[in-house]
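Peer 1: This is the structure, below, for whatever I ask next.
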Amino acid sequence: MNVLIIGSGGREHALAWKIAQSPHLTKLFCAPGNAGIASLATCVDIAADDIYKLRDFALQHHIDLTVVGPELPLTLGIADVFQEAGLRVFGPSRAAARLEGSKVFAKKLMQHAGIPTADFAVFDDPESARRYVIKKGGACVVKVDGLAAGKGVFPCATPEEACTAITRIMVDNEFGSAGNAIVIEEFLEGEEASFICVTDGITITPLPSSQDHKRVFDDDRGPNTGGMGAYSPAPVVTPDVERKVMTSIMEPLLHALSSHGIEYQGVIYAGLMIHNNLPRVLEFNVRFGDPETQPIVVRLDNDLLELMSAVVDKRLASYTVVCDPRPAVCVVMAAGGYPGQYEKGQVIQGLETAASLPDTVIFHAGTAVKNGVVVTNGGRVLGVTARGDSIAHAIERAYAAVRSISWHNVHYRHDIGRRALGR
Ligand code: AMP
Ligand code: GLY
2 MNVLIIGSGG REHALAWKIA QSPHLTKLFC APGNAGIASL ATCVDIAADD IYKLRDFALQ
62 HHIDLTVVGP ELPLTLGIAD VFQEAGLRVF GPSRAAARLE GSKVFAKKLM QHAGIPTADF
122 AVFDDPESAR RYVIKKGGAC VVKVDGLAAG KGVFPCATPE EACTAITRIM VDNEFGSAGN
182 AIVIEEFLEG EEASFICVTD GITITPLPSS QDHKRVFDDD RGPNTGGMGA YSPAPVVTPD
242 VERKVMTSIM EPLLHALSSH GIEYQGVIYA GLMIHNNLPR VLEFNVRFGD PETQPIVVRL
302 DNDLLELMSA VVDKRLASYT VVCDPRPAVC VVMAAGGYPG QYEKGQVIQG LETAASLPDT
362 VIFHAGTAVK NGVVVTNGGR VLGVTARGDS IAHAIERAYA AVRSISWHNV HYRHDIGRRA
422 LGR
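The opening position of the sequence shown corresponds to residue 2 in our numbering, with each subsequent residue numbered one higher.
Okay, structure coming up:
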């Protein structure tokens with residue numbers, strides 16, 4: 002099979018690494034890719050959201066399967082455009098991708114299907130939104146309706162903070178048209194986990210559970226990022242919690258989508274808040290998590306091309322996902338200053354030593370090759386991922402590799418996986 006992966010992050014490197022191990026693979030392409038992906042695939046200089054150019058490339062190069070990493074091309078309708086051209090694609094249609102592309106759509110669908118989630122109200126003008134938060138009092142979470150690269154969620158301790166968020170979104174228009182509508186939610190307490198499934202629209206199958214670390218500094222301090230590290234499995238997702246997620250969230254969601262005429266195909270990722278063993282949905286994503294995919298793929302024993310083909314060909318009912326019981330941990334190494342301003346072009350040292358350590362894989366995110374050397378080229382630079390006999394062992398291995406890599410002004414968290422150790 003000729004395969005095209007779309008995207009350029011650690012998630013896409015992890016998918017490429019796993020797909021490259023498949024005996025079904027003939028040729029692997031990635032658009033646009035990064036320096037790490039370039040060692041496994043031919044990188045093509047087409048942006049991930051240039052969906053018509055990607056379609057033309059796929060037709061010219063006889064691509065048998067396209068795997069879409071990020072959400073933007075999915076919400077733009079890449080799956081529809083590829084299918085209309087007779088191309089096989091792993092990822093949901095534009096209508097289905099609204100589950101991530103519109104929080105208003107997702108919340109209303111959950112309400113309609115009785116899926117446990119935070120209570121909420123929807124507003125399209127700032128005055129009534131302000132009146133609502135003042136009347137309610139206390140903490141709440143204000144969310145931009147549309148895509149905002151993870152920056153459109155404002156947890157607010159007081160109505161005053163919520164009013165500031167409402168002004169930024171609806172008066173100052175910081176998020177453009179993505180902020181034309183907002184969702185205001187009840188503030189939920191608990192422990193978060195990422196629950197990622199694959200579905201062919203008929204069957205829905207969970208992949209190993211995982212947990213992300215969203216804040217930039219140790220002990221969950223500082224601003225939210227795209228994710229500073231992840232581990233799998235997440236001990237908070239006990240077999241009992243997993244059963245509840247499947248029966249009270251995932252299966253009703255699939256039914257609700259199909260009753261809207263939406264045939265879902267690809268990944269459904271539920272961001273969960275779990276309290277007293279009861280899971281509630283914070284958000285849905287329509288793609289693999291980043292960095293959660295890194296520890297998940299190193300634990301997955303299946304051939305990923307076979308799994309994805311089972312999804313695309315609607316054969317998931319007869320397919321079994323098998324996973325290594327050993328835990329895996331991914332520590333993200335970032336450019337100092339991320340998620341704010343940061344420098345690019347710093348020379349990265351020690352990659353080969355790190356990659357030679359046992360059960361360790363270095364996934365690239367923001368990297369590029371300049372004058373023959375690998376340099377930093379983004380905020381999240383590497384996802385150093387290791388497997389171990391226990392979570393403690395995996396943490397030890399991942400940090401041993403992290404310590405052997407360096408560049409000027411590198412930043413990483415020192416406590417990835419610590420919460421799992423406590424359980
Ligand atoms: P989202 O993009 O909707 O998952 O929100 C991003 C982050 O904001 C989540 O990972 C949580 O840490 C936090 N968050 C979102 N919604 C809520 C909520 N209703 N209660 C508490 N925290 C939330
Ligand atoms: N790690 C969070 C996300 O992929 O959305």
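Quick reminder that beta carbons are idealized off the backbone N, C-alpha and C, glycines included.
(1) Please report the Cβ distance between Ala179 and Asp126, rounded to the nearest whole angstrom; I am assuming they are in contact, meaning their Cβ atoms lie under 8 Å.
(2) Locate the alpha helix (DSSP H) running through Phe106, then write down its first and last residues.
(3) Taking 8 Å as the limit between beta carbons, can you name the residues of its chain near Tyr437, skipping five residues before and five after?
(4) Given that a residue counts as buried once 16 or more other Cβ atoms are within 10 Å of its Cβ, and exposed if not, what is Ile197?
(5) Start and end of the alpha helix (DSSP H) containing Pro207?
(6) Closer than 5 Å from C-beta to any heavy atom of ligand 2: which residues, in chain order?
(7) Would you mind stating whether Thr368 and Ser405 have Cβ atoms separated by less than 7 Å?
(8) By Cβ distance below 8 Å, which residues in the same chain neighbour Leu148 in space, the five residues on each side in sequence not counted?
(9) Cβ atoms of Val237 and Ala271: under 7 Å apart, would you say?
(10) Going along the chain, which residues of its own chain have a beta-carbon closer than 7 Å to the beta-carbon of Ala318, five neighbours each way excluded?
(11) Going by DSSP, what residue range makes up the beta strand (DSSP E) through Phe188?
(12) What is the DSSP secondary structure of Pro160, counted as helix, strand or coil?
(13) Assuming Val385 contacts Ala366 under a Cβ cut-off of 8 Å, what Cβ separation, rounded to an integer in Å, is found between them?
(14) Would you grab the beta carbon distance between Ala163 and Val134 for me? Rounded to a whole angstrom, and I think it's under 8 Å.
(15) Under 7 Å, do Val374 and Val403 count as touching if we go by C-beta distance?
(16) Short check: CB of Leu29 to CB of Ala21, under 7 Å?
(17) To the nearest angstrom, how far is the alpha carbon of Thr159 from that of Leu306?
(18) Go to Lys152, then tell me how far its alpha helix (DSSP H) extends in each direction, as first and last residue.
(19) Going by beta carbon distance, what residues of the same chain come within less than 6 Å of Glu186, once the five residues before and after it are set aside?
(20) Any idea if Ser407 is buried or exposed, counting beta-carbon neighbours within 10 angstroms, 16 or more meaning buried?
(21) With a threshold of 6 Å on Cβ separation, who are the neighbours of Leu110 within its own chain once the five nearest residues in sequence on each side are excluded?
(22) Can you confirm whether the stretch 216 to 226 touches the stretch 333 to 350 when touching is taken to mean that 3 or more C-beta pairs between the two stretches lie within less than 8 Å?
(23) Taking Thr206 as the reference, give the member of Phe58, Arg424, Ala311 and Arg169 with the closest Cα.
(24) Name, in chain order, the residues that DSSP records as bridge partners for Phe121.
(25) Check Leu26 in the structure and name its three-state DSSP category.
(26) Just the Cα atoms here: how many angstroms apart are Gly177 and Pro359?
(27) Say yes only if the C-beta of Pro74 is nearer than 6 Å to one or more non-hydrogen atoms of ligand 1, and no if none qualify.
Peer 2: Let's see:
(1) Rounded, the Cβ-Cβ distance is 16 Å, inconsistent with contact.
(2) Lys104 to Ala114
(3) Given that the chain is displayed from residue 2 to residue 424, the structure contains no residue 437 and the question cannot be resolved.
(4) Answer is buried; the Cβ neighbour count reaches 16.
(5) In the DSSP annotation of this structure, Pro207 is not part of any alpha helix (DSSP H); the continuous beta strand (DSSP E) holding it starts and ends at Ile205 to Pro207.
(6) Asp213, Gly228, Gly290 and Asp291
(7) no
(8) Glu72, Leu73, Thr76, Glu101, Gly102 and Ala179
(9) The criterion of a C-beta distance shorter than 7 Å is not satisfied by Ala271 and Val237.
(10) Ile203 and Thr204
(11) Taken as a continuous stretch (DSSP letters only), Phe188 belongs to no beta strand (DSSP E), as it is neither H nor E.
(12) Here Pro160 sits in helix by DSSP.
(13) Going by Cβ atoms, the distance from Val385 to Ala366 rounds to 11 Å, so no, they are not a contact pair.
(14) 4 Å
(15) no
(16) yes
(17) Between Thr159 and Leu306, the C-alpha separation is close to 48 Å.
(18) Under the DSSP assignment, Lys152 falls outside any alpha helix (DSSP H); it carries neither an H nor an E label.
(19) Ala119, Phe121 and Val142
(20) exposed
(21) Ala257
(22) yes
(23) Ala311
(24) Glu186
(25) coil
(26) 47 Å
(27) no
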